[in-house]
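For reference, the structure discussed in these notes is given below.
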Amino acid sequence: KGTQVALKSDILTTNFNGDFSALGTTSAAGDLKVNVADLKKLQDALGMAIPQLAAFNTVDLSANLATNGKATTGKNVDINIKGDDITATYTGAATFDNALSLNGQFKADSPSIPTLLPKLGVANIDAVKVLGDLAVSGKVNGIVDALKISDLDFKTKGGDVVASYNGSVLLGKNMQINGTFDVASASVKTLAKTGGIALPYADALGALKASGTLAGSPKDLKISAVKAALTDGLLNLNFDGNVQTGKALGYDGMVNVDIPSVRKLAEVGGTKLGPDTKEGAIYGPFSIAGQAKGTTTKAAFTNAKVRLDAINGTGTLNAALTGKPNITGTLDLQGLDIRPYQASMYANRPKGIQPWSEQPLNLAALKMFDGTFTLNTPNIVTTTVSMGQSTIKTTVKNGVLKTNIPNVNLYGGTGALNLELNGATSVPQVAMDFDLNNVNGKGLLGAVANFTKLTGNTGTKIKVKGTGRSQAEIMRSLSGNGNFELAEGVVSGINVGECVNNLNDLSSVLQTRALPAGIGPSYTTPFSKLDGLFSIKNGVVTVGDFALKSNDVLAEGAGTLDLGKQRVDFSLRPRVKGGKGLAAFGIPIKLSGDFGGVKAGLDTDLMGKVIAARAKAELQSQITNKVGGDLGGIVGGILGNQQGNGTAKDGTKKPADPLNGILGGIIGDPKKAEDPAKKAAPKKDDKKEEKKKEDPLDKALKDLFGGN
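Numbering (the numbering used here), first residue to last: -8 to 699.
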């Protein structure tokens, strides 16, 4: 009874005051006080090595103990532990039987969690460097291996993260968490850098704040009433909903992504986008908001609102994520004006037509997913074409992309487009099928080719295919066919009839090689129909049947458009109905050059034939008329004289030489050029007969050009 035991050293001091029994089962009961002045030396003296105690220097313990040899219980337990980086206390009860049980309260403080954790035997993890100090308190109950901690209040501040947790934790194999949390960081960029966290676009992120309720085990944790926000950065995000972790990872809530400047965000990723243009500011704000719901195997984004610069729309997106992703979506836009983006793309390009790229095409992305996408828009406006209400359907399947615009409104008419890009083959393939009907020709041609001199409704059909490893190879391989038609229109800038009729002096035309009068902004040529057929082979478009028809004018043409080499070689022959001489049979106009410099001029090769015929006819006529008699006829015949004034042996009249017709029609009949005094004026009946005769030039040009 009243036993007092005291032990004292520079390591350990103990005091026991109580009762002790050695009869039968050893037992004791009393007050115990223990002071460990140097916990490390105590472990060394006892031959112990407990890494978790390395953070502690001194221990003060007091308790009312009772033991019966099998179990030891402690009441009014008061433990104070101190170290360089931690101060901890425990008050309550403790029982040691087969395991240690606690029932009490604890409290711990540390000025630096990153410094403390390695001393507690926790591996040195870079991520904990973002934490600051520690203040934690709570109640504990149960055996240590399955300890229940209630009223837990955890806080850390002073680092790159400020965080708190209030609730309960059940330790052990079936660990359970139930409480609320709050996390905040002034700079995610700094947080990622300090913690060595590889976070995409970390430099674009600003402040972080998140809160919610935790319930469940770490492997199956339900996080409800989540409010998470990334703000004050180049990539901002808000989420309001629920998250499920573990095997059944999932989320359900409202998501709002906001990017103040797409251009600046792209620069963070190492991409430089084009500048703003006079057509409008681009690559500025982007946002998408809607209801997001998904798991590790599927995802859905509904009632989404999308905005990029001046483009706005709503839509849905669904994704199946098992195996190869399959993505489907529909987006309804308020309008699609891509002119500012096109202008920006070409802002720094060299002037003139650039050669096709020889850079190998990379279509690997088409094999990464399958999908079906639908885009609806009341209009599509580009730098070349303006379309009305359009529905664009695109599918990606096993590396093949197909785009279909089944019914597009284009300049008052309708059209359809089918485009296919096959990236599944060793050599990529492209195919296009284009059909337009009743389209305003001036609007379309003015938009596509800056050609506003043509009005009327047009239609066209094009089918083309190509293969190649680069853009250049594809253009050189194109093959297909098509046609176009323009009805009831006007060609502005030229009066074809006047232009043709003004070609009186061929020598002057050939010397100047200039187009004749009748060309200018004040001239027009009405027509009833303009159409043509063309074929494409190995990148060369061959126009074999081109015609313009009106009440007074006809124009036929043919030629080639070499897409691969970017060259034009086209001939056009306009003529006047009911005209005389050259006007009736047309003047040959040639268009030639590369895409960046097509020039128009007279086809001097063909016109040269007319001049040669004229000279020959003149020489022939001079010999025949001046030499006279049979000798003149023989020499003229050698030169090809068949004026019709000779007679064959059988008595029939020889046919007229068309070259003499050229002489008569272009420079006039040499006989008419004789001295008027030597030749009597023809009689009235003779004049009528002359009118009935066919114009010699008409006859010659029929033979030279063909036609009626």
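Glycine included, every Cβ here is placed at the ideal spot set by N, Cα and C. Only a predicted model underlies this, so the values are computations on that prediction, with no experimental measurement involved.
By the CB criterion at 8 Å, Leu182 and Val121 fall inside the cutoff. Collapsing the DSSP output to three states places Leu108 in a helix. Collapsing the DSSP output to three states places Tyr332 in a helix. Using a Cβ-Cβ distance cut-off of 8 Å, the segment 349 to 363 and the segment 309 to 327 are in contact, since at least three pairs of beta carbons, one from each stretch, lie closer than that value. For Lys393, the CB contacts under 6 Å within the same chain, skipping 5 residues up- and downstream, are Thr386 and Glu411 in chain order. Counting the other CB atoms within 10 Å of its CB gives Asp136 a total below 16, which places it among the exposed residues. Bounds of the beta strand (DSSP E) holding Gln282 are Phe277 to Thr286.
Separation of Gly523 and Lys456 (C-alpha to C-alpha, rounded to the nearest whole angstrom) is 20 Å. For Ser541, no beta strand (DSSP E) segment is defined, and its DSSP state is neither H nor E. In this structure, the beta-carbon distance from Ala198 to Asp173 does not fall below 8 Å.
Residue nearest to Thr368 within the set Lys358, Asp328 and Gly390 is Asp328 (criterion: CA-CA distance). Assigned with DSSP and collapsed to three states, Ile465 falls in helix. In summary, Asn542 is exposed, with fewer than 16 beta-carbon neighbours lying within 10 Å of its beta-carbon over all protein chains present.
Here Ile214 is near Val234, since their CB atoms are less than 8 Å apart. Listed in chain order, the beta strand (DSSP E) elements of length 3 or more contained wholly in the segment 26 to 83 are 49 to 58 and 63 to 73. For Asn71, the CB contacts under 6 Å within the same chain, skipping 5 residues up- and downstream, are Asp51 and Thr80 in chain order.
Between Ala20 and Ala57 the beta-carbon gap is near 4 Å, inside 8 Å, which marks them as a contact.
Nearest in C-alpha terms to Leu299, of all of Met378, Ala291, Gly285 and Phe277, is Phe277. Within the same chain, Thr5 come within 6 Å of Leu(-2) by CB-CB distance, once the 5 residues on both sides are set aside.
By a beta-carbon distance limit of 8 Å, Asn132 contacts Leu93. Their separation comes to about 7 Å. Distances from the CA of Asp29 to each of Thr49, Asp35, Gly38 and Asp243 were compared; the closest alpha carbon is that of Thr49. Judged by DSSP secondary structure, Gly326 falls outside any beta strand (DSSP E); it is assigned neither H nor E. With respect to Asn400, Ser470 sits apart: the two C-beta atoms are not nearer than 8 Å.
By the Cβ-count criterion, Met39 is exposed, with fewer than 16 other Cβ atoms from all chains shown falling within 10 Å of its own Cβ. Judged by DSSP secondary structure, Leu93 falls within the beta strand (DSSP E) whose first and last residues are Leu91 to Ser101. Sorting Ala193, Thr82, Ala126 and Leu111 by C-alpha distance to the C-alpha of Gly149 places Ala126 at the top. Under the DSSP assignment, Thr4 falls in the beta strand (DSSP E) whose first and last residues are Leu3 to Ser12. Non-local C-beta neighbours of Gly459 in its own chain, meaning closer than 6 Å and more than five positions away in sequence, comprise Ile465 and Ser468, ordered along the chain. Around the Cβ of Gly158, a 10 Å sphere holds 16 or more other Cβ atoms; the residue is buried. Spanning the alpha carbons of Gln325 and Ile302 requires a straight line of approximately 7 Å.
Residue range Ser381 to Lys388 is occupied by the beta strand (DSSP E) that includes Thr386, with no alpha helix (DSSP H) assigned at that position.
For Arg566, the enclosing beta strand (DSSP E) covers residues Arg558 to Val567. Take the alpha-carbon of Ala463 and the one of Leu352: they are about 10 Å apart. Going by beta carbons, Leu264 and Ala257 fall inside the 8 Å limit. When the beta-carbon positions are compared, Leu212 and Leu205 come within less than 8 Å of each other. No Cβ-Cβ contact shorter than 8 Å links Arg564 with Ala538.
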